[in-house]
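K.L.:
Protein chains in written order, with the working numbering: chain A, 193 to 541; chain B, 193 to 541; chain C, 193 to 541; chain D, 193 to 541.
Number of protein chains: 4
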Amino acid sequence: MSCVASGQGQVFAAGAPRVIVAGATGFAGALAAHLLWRHPDFELTAVTGRSEVGTRLDRLYPRYRVPLEIEALIPERLDGLDAAVVAYPHAAAAPTVAELRAHGARVVDLSADFRLRSLATYEQWYGSHPRPELLEHAVYGLTELHREQIAAAAIVANPGCYPTASLLALAPLARAGLIADVVIDAKQGISGAGRAFDESTHLSMAGENILPYKVAAHRHTPEIEEQLDALDPAHPRLKVQFQAHLVPLDQGELASCYVTPTRAVGDAELREMFAAAYAEEPFVEVVDAPPGVREVAQTNYCRLFAASDQHTGKLLVFSAIDNLWKGTSSQAVQNLNLMFDLPETSGLQ
Amino acid sequence: MSCVASGQGQVFAAGAPRVIVAGATGFAGALAAHLLWRHPDFELTAVTGRSEVGTRLDRLYPRYRVPLEIEALIPERLDGLDAAVVAYPHAAAAPTVAELRAHGARVVDLSADFRLRSLATYEQWYGSHPRPELLEHAVYGLTELHREQIAAAAIVANPGCYPTASLLALAPLARAGLIADVVIDAKQGISGAGRAFDESTHLSMAGENILPYKVAAHRHTPEIEEQLDALDPAHPRLKVQFQAHLVPLDQGELASCYVTPTRAVGDAELREMFAAAYAEEPFVEVVDAPPGVREVAQTNYCRLFAASDQHTGKLLVFSAIDNLWKGTSSQAVQNLNLMFDLPETSGLQ
Amino acid sequence: MSCVASGQGQVFAAGAPRVIVAGATGFAGALAAHLLWRHPDFELTAVTGRSEVGTRLDRLYPRYRVPLEIEALIPERLDGLDAAVVAYPHAAAAPTVAELRAHGARVVDLSADFRLRSLATYEQWYGSHPRPELLEHAVYGLTELHREQIAAAAIVANPGCYPTASLLALAPLARAGLIADVVIDAKQGISGAGRAFDESTHLSMAGENILPYKVAAHRHTPEIEEQLDALDPAHPRLKVQFQAHLVPLDQGELASCYVTPTRAVGDAELREMFAAAYAEEPFVEVVDAPPGVREVAQTNYCRLFAASDQHTGKLLVFSAIDNLWKGTSSQAVQNLNLMFDLPETSGLQ
Amino acid sequence: MSCVASGQGQVFAAGAPRVIVAGATGFAGALAAHLLWRHPDFELTAVTGRSEVGTRLDRLYPRYRVPLEIEALIPERLDGLDAAVVAYPHAAAAPTVAELRAHGARVVDLSADFRLRSLATYEQWYGSHPRPELLEHAVYGLTELHREQIAAAAIVANPGCYPTASLLALAPLARAGLIADVVIDAKQGISGAGRAFDESTHLSMAGENILPYKVAAHRHTPEIEEQLDALDPAHPRLKVQFQAHLVPLDQGELASCYVTPTRAVGDAELREMFAAAYAEEPFVEVVDAPPGVREVAQTNYCRLFAASDQHTGKLLVFSAIDNLWKGTSSQAVQNLNLMFDLPETSGLQ
């Protein structure tokens, strides 16, 4: 891994909010740092890590060109901070979020710690919650569903990448009370496994492969179900069949959703419904042909294609995102933009 | 593309059946030629093509090392032939099959021309059938479902790769009358598109991509439905939701099947059902963890994993094959072995 | 391939130079259109093609989001144009460049037509030149070598991607008269073959492969030799051993250069030489470890690493670029920036 | 990773030599076990490992279908053993080889411990040698160069994959005294890094990349030089410029060799020289076009293409192998075949 002899300077507006990325050594945190370093309206003041302290981030991630040294997270140095992106694993994230809140920073948390409204559901999947008292201050950070609450939130729980793709696909149908049953078959590139060095990521094992994983037990299922329940209170307790697969690419995720509708819905009505739902959204593109994930690689866009199957009567929705961008780090920036009253697209185009 | 200066000789048993591959320039035909060339119990006497006549096959496909020149298919030279694999597109295949039959050869046809029992269904998807009178002589060539009829057949209609993976996954459930509804989400490597040179196969377009295709209208659906109907006559007219996706690898196919059962089925019962169904099968492996397609690459194996989802009550079956091998050409050889009373595994291990 | 229902508007400064891309259906032209569409200081007024007229560019290249329809190149509509990028094959490019020049537009030509100073050399490799009279108005467009002439040029002959990587690696050594002999072993992703649909680009043939091509006869050799001769007039007529290979990725190119020096050069002197040569360059990064091409993917950067081999005495230089960006289209934009007196980095970061 | 419910039996001839693989958990050992398990003329009696004891090998490597449990290497159980393949890292291998020799087993060692004739050279690159007294009993195991000594050897030092490809390319030229200078630029798939879980093998880092490594200091250089010296005693002490690169595929290796000849050699002479050198070799194919590594994937073949560059006078030789097969494990089997007087191709076609 190489390191440029002399880093280039960050450029940002005077008086820009000061932000740090806590946990910048992983894929999500490193990309968040990259996006904020080149963001015209934020000042990235530090990147922290629990390992690799003293290493420059552009040596760990040469492609991102962020010439900051990774620091330990020292509470005394948090004064004056406006915001933070926290990219720690679940359970490790919540105490850090609490610390940051104590210093007045507003937080976008990339972990699962604040995504679920139900503490019981959290504890069923993740074990005891380290800071349950903070749950009430957290807003679910799927921008297109909760824009107003996000703008005012102290803590934004950035959604998982699978729920992001799935919920953007299903929200118009859920709001219309149309989902009687749903199967979500999701496929993701290897970056979804993060900076994990094992059989699941080794090119000679993950390459030329298609691998289903976490069969019948994926932690993202309750997150999707909670949000669908909220969108369609008339049909609560929908049980979602969600299944994840690893396929051999780097970044990209497709959620193929198969919905048994509560009533017959034709192609024309379906397409109109999706066009209307997302007409004003800067980052959701409703398209007229099945989208490939290449089309949204390294962007904050989600591309959706919906079709009604005349043969079976089912509704099909395909949702393509970049799992690291809209699925994680660029959606965090989209949320930060809202929280600091900046144009939602700032730094993302 | 390179060509070895001097080819090596074919080795086969004395008195071995004489076989040709008609249509050896495509992926399926070329692989069939490769498998038959190295087969100890068949003599591959010719490879034919509608293009590339005069070119040696090992120049078109250097990895296969078949040093035969591609010939035009000349009826006079078909005398004395015992068998043929026909690898032409649908509609082009049937007349060739008829010609070969007229010379007494038994045929494994890789096209769709003889897969469907219903002429009406064929014509709905493929147009007018060139040789409908031959349909009654054809047997559906999914070895594990129709072994006895295949052994005696004049024409074996080799299944499509998607139906192969899907039907091996669903047959035990269909026979038990357990399928109330099913979604099949299939993913396949780019070799599934064959020797097509276009956007769908260019590495700079198909690479780093996941692409759904033929949404709500895949020709393999009626083939799957016909076979499931035959397996479960008590629940005819099941409508199958089948969806195909291209993912960036060469060879490999996974069918993820989501079954809404007609009654609750637990994990133990499910696994026992699959173990029993395939206990004697040399090429179907029931495994205890989700299979990756790498595990069956360049083999005639199908790996199956079944699980009951306690949360949703659905039954999940994952079926991994190599689309060009068990999905196409090695299954053709498996069928030829049966047709000529050879060990079913001959030339395939 | 999908197409967004409604395109988003282009944003550019008032009074920005008006530019077209002629030949936007290929990889190079499409990327140039993408870069100019999002460029803050150019107005992209049209994209033209010899095929696909009437198709929107974002349907051919969904990832680029340029919502312009491909037009035929109509001379009457060229009035008022300030600049053009021409992305036609060699021999087809020159007449179009002439037409554009006749209307006063300044041109960056991506073909080979104006790269060679010697007409005889051109004709040896490419056949008769369609517009030899224009050669004297053309400047070789490797920005870092000919910045001043480019700024004033009517026609800029954008270099080939291999010469770009090779010459940036070798220029400091050539200027110092240090190259007695050189072997350049270059590896490139499949996008280097462009929108060609054949065996060289099919994922099932190009994937899992490493393929040398154009052995002992690559058209880029004389282009490299001419430029090296100009840099080191004291050692003219250096014969460059250049060899290209295709490796299975999309975008990315590495030139590994093995130089037999005219005198012994140690590591310290070598590194200092490279640091000094490129200290002021915004897009050339001299790094302290071997660069991977991922580090420069989808950027205009070139990363260079130089080392002296104590064992053999040879000098090794590794040069990593994105063949479609710095190797082609983003270098064209870099040159356009110079030609119109804009910051060299505008639109490229 | 899945495991077949019931393994299939190994088939081998009565009285077949008994062999173990010591170190079967790595890529090389696992493949050797796979090849020997299906070999008709060897009985694979055990697979051992320093980790994963008690795990079945087909759970670690599902694609290989070797249903043996990994065992610790227990000296008492080595009696009656005829042969062993040792696949430990250098320095760890030699003591195990000594133990196996003490029990009378003949050994093919895949490590570097017995490859170099010069102890001084070994210690310069690898540190102190654990069993220098065994060096005199070891033969360098490049089959095509040392066939007779291998047949009689107690210890065969299987070559590295880079020396295998490089020496097969250069041997005809070295024997003819034609090499004045040579640059070897080698490219290899990620399996060359073995079961190492780090940045170099993670698909999201190694994918879409081309990476030079071990610049100016590759351990395989002295191995190549020693063998070339032996082939061309008249020009000893040739200094080889060897450089390795990782490219994003699984298995496959290409060595591109650029030779400055001691005298002019034309294409016709060159090709005749290569044809003659390898006319009788079952696993070396001299071809008439540049070979891609796909052509030899998962085979014991080496494909060679040689050309004389009229422009520079240099001789170019391209050598394609599968780094894990001919480069490592199948060459080990080829050597075992020789050592036990079996047909050299047994189990390898």
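Don't be surprised by glycine CBs; every beta carbon is placed ideally from N, CA and C.
1) Count the other CB atoms, across all protein chains shown, that sit within 10 Å of the CB of V457 (chain A); report buried if there are 16 or more and exposed otherwise.
2) How big is the Cα-Cα spacing for P255 (chain D) and E487 (chain B)?
3) Give the single residue among D:P322, D:G484, D:D274 whose Cα lies nearest to the Cα of A284 (chain D).
4) Out of C:V213, C:P232, C:A214, C:L228, state which residue places its alpha-carbon closest to the alpha-carbon of A205 (chain C).
5) So which residues on chain A does A489 (chain B) lean against when the C-beta distance must stay under 7 Å?
6) Would you grab the beta carbon distance between G519 (chain B) and C353 (chain B) for me? Rounded to a whole angstrom, and I think it's under 8 Å.
7) Rounded to the nearest angstrom, what separates L360 (chain B) and S538 (chain A) at their Cα positions?
8) Counting only runs of 4+ residues fully inside the segment 480-538 of chain C, write out the alpha helix (DSSP H) ranges in chain order.
9) Name the DSSP bridge partner or partners of Y143 (chain A)?
10) Under 9 Å Cβ-Cβ, which residues of chain B neighbour H503 (chain A)?
11) Using 7 Å as the threshold, is the C-beta distance between C449 (chain B) and I376 (chain B) below it?
12) Compare the Cα-Cα distances from M397 (chain B) to each of B:I382, B:K406, B:A378, B:E445 and report the closest residue.
13) Quick one: is F383 (chain C) near chain B, going by C-beta distance under 7 Å?
14) Under 7 Å, Cβ to Cβ, is there at least one residue of chain D near P142 (chain B)?
15) Distance check for V479 (chain B) and S521 (chain A), CA to CA, integer angstroms please.
16) Ends of the beta strand (DSSP E) at Q443 (chain A)?
17) Thinking just about the alpha-carbon of each residue, which of B:L337, B:Y332, B:P355, B:A357 is nearest to the one in A345 (chain B)?
18) For F219 (chain C), report the span of its beta strand (DSSP E) as first-last.
19) Under 7 Å, do L265 (chain A) and A214 (chain A) count as touching if we go by C-beta distance?
20) Scan the segment 361-391 of chain C for residues whose Cβ lies nearer than 9 Å to a Cβ of chain D and list them as they occur along the chain.
21) Who does K379 (chain C) pair with in a DSSP beta bridge?
22) Can at least three beta-carbon pairs, one atom from the segment 294-301 of chain C and one from the segment 270-280 of chain C, be found at a separation below 8 Å?
23) What does K506 (chain D) touch in chain C if you count any residue whose Cβ is under 7 Å from its own?
24) CB-CB under 6 Å to A276 (chain D), same chain, minus the five flanking residues each way: which ones, in chain order?
25) Taking a cut of 8 Å between CB atoms, which residues from the segment 439-463 of chain A lie near chain D?
26) Closest Cβ-Cβ distance between S243 (chain B) and chain C: below 7 Å?
27) Output, in chain order, the set of chain D residues within a Cβ distance shorter than 8 Å of L394 (chain C).
28) Find the residues of chain D that neighbour R486 (chain B), judging by a C-beta separation of less than 7 Å, and give them in chain order.
29) Looking only at its own chain, which residues have a Cβ that is under 6 Å from the Cβ of R367 (chain D), when we skip the five neighbours before and after it?
30) Expressed to the nearest angstrom, what Euclidean distance is found between the alpha-carbon atoms of T504 (chain A) and D442 (chain A)?
31) Answer yes or no: does any C-beta atom of chain A fall closer than 7 Å to that of P428 (chain B)?
32) What do you get for R411 (chain C), buried or exposed, if any count of 16 or more other CB atoms within 10 angstroms of its CB means buried?
33) Report the option in C:S511, C:P324, C:H427, C:A481 whose CA atom is closest to the CA atom of L446 (chain C).
34) State the start and end residues of the unbroken beta strand (DSSP E) segment that holds T237 (chain D).
35) Using CA coordinates, which residue listed in B:Q341, B:V374, B:I416 is at the minimum distance from V451 (chain A)?
36) Reducing DSSP to helix, strand and coil, say where R298 (chain B) ends up.
P.N.:
On the basis of the data shown:
1) For the purposes of this step, residue 457 (chain A) is taken as the residue at position 265 of the first sequence. Classification for V457 (chain A): buried.
2) Walking along the fourth sequence from the start, residue 255 (chain D) turns up at place 63. Walking along the second sequence from the start, residue 487 (chain B) turns up at place 295. Sequence check: residue 255 (chain D) is Arg here, not Pro. Cα to Cα, R255 (chain D) sits roughly 4 Å from E487 (chain B).
3) Here residue 284 (chain D) is taken as the residue at index 92 of the fourth sequence, counted from 1. Considering only D:P322, D:G484, D:D274, the residue with the shortest C-alpha distance to A284 (chain D) is D:P322.
4) Counting from one through the third sequence, the residue named residue 205 (chain C) turns up at place 13. For A205 (chain C), the nearest C-alpha among the options comes from C:P232.
5) Mapped onto the second sequence, residue 489 (chain B) falls at position 297. Per Cβ cutoff of 7 Å: E400.
6) Numbered from its first residue, the second sequence carries residue 519 (chain B) at position 327. Numbered from its first residue, the second sequence carries residue 353 (chain B) at position 161. Confirmed, about 3 Å.
7) Reading the second sequence from its first residue, position 168 is the one you call residue 360 (chain B). Reading the first sequence from its first residue, position 346 is the one you call residue 538 (chain A). If you take the alpha carbons of L360 (chain B) and S538 (chain A), they lie about 51 Å apart.
8) If you keep only unbroken alpha helix (DSSP H) runs of at least 4 residues inside the segment 480-538 of chain C, you get 522-531.
9) In the structure as shown, chain A begins at 193 and stops at 541. Residue 143 (chain A) is therefore absent and cannot be evaluated.
10) Taking the first sequence and counting its residues from 1, the one referred to as residue 503 (chain A) is at position 311. Chain B residues near H503 (chain A): A408, A409, T413, K431, V432, Q433.
11) Translated into positions along the second sequence, residue 449 (chain B) becomes position 257. Translated into positions along the second sequence, residue 376 (chain B) becomes position 184. Against a cut-off of 7 Å, the Cβ pair of I376 (chain B) and C449 (chain B) comes out as a contact.
12) Taking the first residue of the second sequence as position 1, residue 397 (chain B) is located at position 205. The option with the nearest alpha carbon to M397 (chain B) is B:I382.
13) As a first step, residue 383 (chain C) is located in the third sequence; it is residue number 191 there, counting from the start. The amino acid at residue 383 (chain C) is misidentified as Phe; the sequence shows Ser. Yes - at least one Cβ of chain B is within 7 Å of the one on S383 (chain C).
14) With chain B represented from 193 up to 541, any question about residue 142 (chain B) goes unanswered, as that position is not in the structure.
15) To locate residue 521 (chain A), count along the first sequence from 1; it is residue 329. To locate residue 479 (chain B), count along the second sequence from 1; it is residue 287. Taking the straight line from one Cα to the other gives about 37 Å.
16) Taking the first sequence and counting its residues from 1, one reaches residue 443 (chain A) at position 251. Looking at the DSSP string, Q443 (chain A) is not in any beta strand (DSSP E), and its letter there is neither H nor E.
17) In the second sequence, residue 345 (chain B) corresponds to position 153, counting from 1. Minimum Cα distance to A345 (chain B) is reached at B:Y332.
18) Translated into the one-based positions of the third sequence, residue 219 (chain C) becomes position 27. Counting along the chain, F219 (chain C) sits inside no beta strand (DSSP E); it lies in the alpha helix (DSSP H) bounded by residues 219-229.
19) The residue labelled residue 265 (chain A) in the question sits at position 73 within the first sequence. The residue labelled residue 214 (chain A) in the question sits at position 22 within the first sequence. Pairing L265 (chain A) with A214 (chain A) gives a Cβ-Cβ distance under 7 Å.
20) If the cut-off is 9 Å between Cβ atoms, the segment 361-391 of chain C has D373, V375, D377, K379, Q380, G381 near chain D.
21) In the third sequence, counting from the first residue as 1, residue 379 (chain C) sits at position 187. Answer is C:H437, C:L446.
22) They touch, by the three-pair rule.
23) On the fourth sequence, residue 506 (chain D) is found 314 positions in, with the first residue counted as 1. Within chain C, the residues near K506 (chain D) are Q433.
24) In the fourth sequence, residue 276 (chain D) corresponds to position 84, counting from 1. The answer, listed in chain order, is I212, A214, L292, A297, V299.
25) P440, L441, D442, Q443
26) Position 51 of the second sequence, counted from the first residue, corresponds to residue 243 (chain B). For S243 (chain B), the answer is no, since every Cβ of chain C falls outside 7 Å of its Cβ.
27) By one-based count along the third sequence, residue 394 (chain C) stands at place 202. The displayed chain sequence assigns His, not Leu, to residue 394 (chain C). Near H394 (chain C) there are no residues of chain D at all, since even the closest Cβ is about 11 Å away, more than 8 Å.
28) For the purposes of this step, residue 486 (chain B) is identified with residue 294 of the second sequence, where counting begins at 1. The contacting residues are R255.
29) In the fourth sequence, residue 367 (chain D) corresponds to position 175, counting from 1. Around R367 (chain D): L423.
30) Here residue 504 (chain A) refers to the residue found at position 312 when the first sequence is read from its first residue. Here residue 442 (chain A) refers to the residue found at position 250 when the first sequence is read from its first residue. C-alpha of T504 (chain A) to C-alpha of D442 (chain A): approximately 34 Å in a straight line.
31) Here the question's residue 428 (chain B) lines up with position 236 in the second sequence. No - not a single Cβ of chain A is within 7 Å of the one on P428 (chain B).
32) Position 219 of the third sequence, counted from the first residue, corresponds to residue 411 (chain C). So R411 (chain C) counts as buried.
33) If you number the third sequence from 1, residue 446 (chain C) lands on position 254. Closest by alpha carbon: C:S511.
34) Translated into positions along the fourth sequence, residue 237 (chain D) becomes position 45. Here the beta strand (DSSP E) through T237 (chain D) covers 235-240.
35) For the purposes of this step, residue 451 (chain A) is identified with residue 259 of the first sequence, where counting begins at 1. Residue B:V374 is the option with its Cα nearest to V451 (chain A).
36) For this step, residue 298 (chain B) is matched to residue 106 along the second sequence. Looking at R298 (chain B) - three-state DSSP - the assignment turns out to be strand.
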